[in-house]
Amino acid sequence: MLVAGAGRHAKDLLSVLQELNEDLFFFDDVSKESTTLFLDSYPVIRSLKEVELYFKEDNRFLLGIGGTSQRKKINEKLRSVGGKEHNIISTHAIVSQDDVFLGSSLNVMPFVFISNSVSIGDGTLLNTRSSVHHDVNVGAYCDISPGATLLGGVNVGNFTHIGANATILPNIKIGDNCVVGAGAVVTKDISDNATIKGVPAK
């Protein structure tokens with residue numbers, strides 16, 4: 004299976020991927036490094052042409068980078084050469100079963116909690132120990148950082164980043180393309196394209 008990215012998030016993701024017992028290849032056509040092995044162990048593919056050849060044998064791929072728009076760009080790039088995106092959900096995550104929608108190309112890292120009546124959009128990264136409570140909607144290609152808490156009824160727009168250990172209080176609406184700083188406590192609705200931080204967040 005191909006992992007799209009061979010940088011910092013890929014190192015975290017590898018701990019989850021090792022649960023799968025799969026042969027792993029990593030794709031990186033951006034960094035200037037010339038190494039052919041990721042962490043001295045896993046082959047790195049450096050061009051889209053090589054990926055296209057690889058996909059003739061196995062077209063599955065996972066997103067292995069952080070960020071919001073970057074995840075969408077690499078997802079579209081790999082789909083354009085025949086790739087089929089997959090989710091990776093840690094066996095150590097708690098994902099409820101009732102009224103839950105999970106999009107494609109998700110990363111659900113260890114110790115994530117997803118409650119009932121939750122919707123997670125395509126391409127979203129739910130990082131370690133983040134929690135998504137009942138009746139929450141998270142848009143596409145969001146980045147929910149470690150320890151972030153989305154309480155009941157929260158709505159998060161597309162391409163939004165929620166910082167580490169931030170808390171979004173119940174029924175808050177956060178727009179598209181927003182950045183919520185680490186440790187922030189969000190007590191009011193946030194419009195599109197906003198950057199907020201602090202307690203309470205401003």
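Each residue of the sequence shown is one higher than the one before, starting from 4 at the first, in this note's numbering. Even glycine gets a Cβ: it sits at the ideal position worked out from N, Cα and C. Predicted model only: the values in this text are computed from it and were never measured.
Query	Result
Rounded to the nearest angstrom, how far is the Cβ of T127 from that of V141, given a contact under 8 Å?	6 Å
Please check the pair F41 and A9, which I expect to be a contact at CB under 8 Å, by giving their CB distance rounded to whole angstroms.	5 Å
Check the DSSP bridge columns for Y45 and list the partner residues they point to.	F41
With 7 Å as the threshold, decide whether the Cβ of I123 is near any Cβ in chain B.	Of the protein chains in the structure, only one exists, and it is not chain B.
Taking its Cβ as the centre, do 16 or more other Cβ atoms sit within 10 Å of V121, making it buried, or is it exposed?	buried
Just grab the DSSP bridge partners of N158 for me.	N140, K176
Got a sec? Which residues, its chain only, sit under 6 Å from D138 by beta carbon, not counting five neighbours each side?	S120, G155, G156
In terms of residues, what are the limits of the beta strand (DSSP E) holding S122?	121–123
Looking at the structure shown, is N196 part of a helix, part of a strand, or coil, going by DSSP?	coil
Would you please state the rounded distance, in angstroms, between the beta carbons of N180 and N196? I believe it to be under 8 Å.	5 Å
Could you spell out where the alpha helix (DSSP H) holding L66 opens and where it closes?	Premise fails: L66 lies in the beta strand (DSSP E), 63–66, not in any alpha helix (DSSP H).
Would G124 and A143 be called neighbours here (beta carbons separated by less than 7 Å)?	yes
Should F29 be labelled buried (16 or more other beta-carbon atoms within 10 Å of its own) or exposed?	buried
What separation, rounded to the nearest whole angstrom, lies between the Cα atoms of D61 and N24?	15 Å
Provide the residue(s) that pair with H164 in DSSP beta bridges, ordered along the chain.	D146, V182
When we look at the beta-carbon of E88 and count the other beta-carbons within 10 Å, is it buried (16 or more) or exposed?	buried
Please classify V47 as buried or exposed, where buried requires at least 16 neighbouring CB atoms within 10 angstroms.	buried
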